[in-house]
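Okay, structure first, notes after.
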Amino acid sequence: MEKYEHKYGAEQIQVLEGLDPVRKRPGMYIGSTSIRGLHHLVYEIVDNGVDEALAGYCTEINVIIEPGNVISVEDNGRGIPVEIHPKTHISTAETVYTVLHAGGKFGGDSGYKVSGGLHGVGASVVNALSNWTEVTIQRDGGIFQMYFEKGKTVRKLEKIGESKKTGTKVRFLADDTIFETLEYDYETLETRFREIAFLTKGLKITIEDKRGEQPKKAEFCFEGGLKSFVEFLNKNKEKLHPNPIYIEKDGEVPVEIAIQYTSSYSENIHTFVNNINTIEGGTHLEGFKRALTKVFNDYARGHNFLKEKDSNLQGEDIREGITAVVSVKVREPQFEGQTKTKLGNSEVTGVVQSMVNEALSTFLEENPNVAKAILEKCVSAARAREAARKARELVRRKSALETSTLPGKLADCSSKVAEECEVYIVEGDSAGGSAKQGRDRKFQAILPLWGKMLNVEKARADKIYGNDKLNPVIIAIGAGIGNEFDITKIRYGKVIIMADADVDGAHIRTLLLTFFFRYMRPLIENGNVYLAQPPLFKLSKKGMQDIYCYTDEGLENAFKELAEKGIARDTVSIQRYKGLGEMNPEQLWETTMDPARRTLIQVTMEDAIKADEIFTILMGDEVDPRRKFIEQNAKFVKNLDI
Ligand code: 0R9
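Residue 786 is where the sequence shown starts when you use our numbering, and the numbers rise one by one after that.
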């Protein structure tokens, strides 16, 4: 690992600001006070350890979730400097923990913060938002410790022992008067630490959850860096070449890239800037895509994969089936876009482009077999694209000729204000019939689906246009698909999948979600997709209002409540619903469609990597991972609620 030589001495801390603003407006510093913000606290502290690793002094970071949701993070770096800071006249360590922006702002060309959470605000923010914080430093032969409550110093840094080791350990309890919850989600933290370990070659990160009766533990260390990352992403896919293509270059803007093609039809590129996932892409992604298109076209021309009369391969042909991770380190990153996850620095495009141009063309010349496997796939993708274009034109022409362009089965709503409109995609004609009668036709549309749905995971775009099951969905939503999808054109603010609570229902739900994920992803990102929750049971008794239960647990709770009212279990009749079709229109309205009473599950996409993995497993070719996944995830819907 390269050492970023810098003396990050005490004198470089410039701005002096108290922590009150952080407690007054926590959202400004960590995004939100939900579980997301809570997790950010951990990331901020871990990032400081990662910076020490990137500087070349730390090889291991250990994270523990202690009972009571106390977080402990320990690194084996040099330890935060302990000497008195000339400006603040308190120790540098205390300054970093009590002065806003102190840790990040170092003047001149000294070390720069290369890792960093979404907001890169650091230790003082965590301190401000914690009930208490304890920092222990081993350095200069001693053990030093300080202690804070709600950001205020309670015990100043003092020497509490001797030690020959070095390192920093931070323990904190987040403030429950600020956060909505203190309950950390182990899986979320584990996923992020795995990602950081992939992005920081050779760094060992461990995480341990000591809260439950059965402690959980994981250890990540990848000598292969991004190469290991791509292998991980492709573990359930069929690879076109055994080893990922790996490109690495240090310099003013260090770049690391790994690429591996699979037989799938989707494009799977993840980009990072200073270890932050740039979901919206940006200039680094732009440079990468331009180079890919140029290098493969040049190679295809030079090696007769394209004849003289053939037109060039398009970017999308070359990216079909690609899995790639692009990671760059930028000194002063400019983040743009809706969620501030799009890199704006224009100089990065050229850096990535010229580096990939050079390294990838050399690689292809040296590995003709790999080049052949990839290019054959690109050429067949180009053919499929051409076929898709023709199919699309056919669909367009056909719909232009028809009097009504909307699908015949769609029972549309009367309102044309997209935000207030909803479309229920319903499985089966009989449930569709009940839904049509039970709905509020002002704002609720019903689209029944029937027969076998196309698995888009195993089909190319040309099969999707003109598919008689998907076409009504595409036309009803009204915003196109794929690259042409335009979220501003959607005809309904809510797209609600209503399927039975059984295996067949789960199957159709997954097929539709896969389709939205692959071809209308902004619809999921924008939070427009929902799952309806029909009840599983109805409890009835003469003189008592019917009670609907949506889960087994809900049923038990209902019985408990009835018992408290003196109503015995065996005096109540239970109806178990096997399908939506068993409910009459009024029941369907009351339980599943009435906005005042229904429960909808919003499908969100916290993590595109996880979502891609789930869809590949559930809908792809490999049987073994699918069986394992289903065995391990009996609660199917929870996992689809990605
Ligand atoms: C457990 C989480 N780890 C940390 O928070 C952490 C911060 C940190 C650090 C330095 C080393 N290890 C660290 N761990 C460090 C040391 C030196 C120079 N720069 C950084 C040095 O020995 O010269 N610091 C991060 C900021 C600062 N230290 C400070 F300099 F601002 F205090």
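The beta carbon of each residue, even a glycine, is placed where N, CA and C say it ideally should be.
Proximity to residue i [Cα-Cα], best of the options
| i | options | result |
| --- | --- | --- |
| P1319 | E1310, T1389 and D1287 | D1287 |
| K1201 | A1216, Q1222, V1164 and A1230 | A1230 |
| V1258 | A1317, I1309, K1194 and E1204 | K1194 |
| C1198 | L1324, F978 and R1226 | R1226 |
| F1081 | L1018, E1212, Y932 and N1097 | N1097 |
| E947 | T938, K935 and I928 | I928 |
| K954 | V858, Y1250 and E1204 | V858 |
| G1366 | F1017, L1321, A1173 and I830 | L1321 |
| F1014 | Q1045, R1411 and Y882 | Q1045 |
| F933 | E1161, E1407, L804 and L1160 | L804 |
| E1121 | R940, V1113 and S1131 | S1131 |
| A1246 | A1167, T1273 and L839 | A1167 |
| A1173 | K872, E1117, R1411 and G1251 | G1251 |
| T976 | E1037, A1003 and D960 | A1003 |
Residue i vs residue j beta-carbon contact at 8 Å
| i | j | result |
| --- | --- | --- |
| I815 | V884 | no |
| R1177 | D1102 | no |
| Y1333 | T1376 | yes |
| Y969 | K1001 | no |
| G1312 | Q1387 | yes |
| Y1050 | G1100 | no |
| L826 | L967 | no |
| L974 | A982 | no |
| G1236 | K1248 | no |
| I1030 | P811 | no |
| Y1277 | E1212 | no |
| L942 | E879 | yes |
| E1398 | N1021 | yes |
| K944 | D960 | no |
Where residue i sits in the DSSP three-state scheme
| i | result |
| --- | --- |
| Q1387 | strand |
| Q1222 | helix |
| Q1119 | coil |
| Q930 | strand |
| Q1229 | strand |
| W917 | strand |
| Y1333 | strand |
| L974 | helix |
| E859 | strand |
| E1407 | coil |
| Y1046 | strand |
| F1270 | coil |
| L1091 | coil |
Inter-residue Cα distance where the pair is residue i and residue j
| i | j | result |
| --- | --- | --- |
| N854 | P1027 | 43 Å |
| I1359 | T1295 | 29 Å |
| A1419 | A1291 | Caution applies to A1419, whose pLDDT of 47 falls short of 50 and renders its modelled position unreliable; the value that the coordinates give is listed next. Taking the straight line from one Cα to the other gives about 12 Å. |
| G952 | H886 | 22 Å |
| T985 | I846 | 12 Å |
| R1086 | P866 | 58 Å |
| F1344 | A1216 | 29 Å |
| G896 | G907 | Below a pLDDT of 50, predicted positions are generally treated as unreliable, and G896, at 40, falls in that range; the measurement from the model is reported next regardless. Straight-line Cα distance between these residues: approximately 15 Å. |
| E787 | V1164 | In this predicted model, E787 has a pLDDT of only 41, less than 50, meaning its place in the structure is not dependable enough to derive any value. |
| V1136 | Y1084 | 21 Å |
| E1033 | G1218 | 59 Å |
| T1389 | E1065 | 16 Å |
| A1220 | I1293 | 17 Å |
| L1297 | E919 | 49 Å |
| N912 | N1152 | 53 Å |
| P1380 | E1205 | 11 Å |
| D1331 | S1325 | 5 Å |
| I850 | K1323 | 41 Å |
| L903 | I992 | Its pLDDT being 37, under 50, L903 is placed unreliably by the model, and the measurement read from it follows with that caveat. For L903 and I992, the distance between alpha carbons rounds to 21 Å. |
| V848 | E1143 | 40 Å |
Own chain partners of residue i with C-beta closer than 6 Å, once the 5 adjacent residues on each side are dropped
| i | result |
| --- | --- |
| L1128 | V1058, T1063, G1067, T1068 and H1069 |
| S819 | E965 |
| R1303 | S1051 and V1241 |
| G901 | Bear in mind that the predicted position of G901 carries a pLDDT of just 48, short of 50, making it unreliable; the figure below should be weighed with that in mind. The residues are D832 and N1059. |
| I1260 | P1192 |
| L1385 | Y1315 |
Residues of its chain near residue i, where Cβ-Cβ distance is below 7 Å and the 5 sequence neighbours each way are ignored
| i | result |
| --- | --- |
| S1189 | Because the pLDDT of S1189 is 45, which lies under 50, any placement of that residue in the model is unreliable, and the number read from its coordinates should be weighed accordingly. Once the five neighbours on either side are set aside, S1189 has no close Cβ partner at all. |
| G864 | I922, Q923, R924, T951, G952 and T953 |
Cut-off 8 Å between Cβ atoms - residues of its own chain near residue i, not counting five sequence neighbours on either side
| i | result |
| --- | --- |
| F1073 | I1042, I1054, T1056, A1109, V1111, V1137, Q1138 and V1141 |
| K950 | N861 and Q923 |
| K1423 | For K1423, the pLDDT reaches just 41, beneath the cut-off of 50, and the residue's location in the model is therefore unreliable, leaving the point undetermined. |
| P852 | K995 and R996 |
| A1203 | I1275, R1276, Y1277 and G1278 |
| L1091 | N1082, A1085, N1097, L1098 and V1164 |
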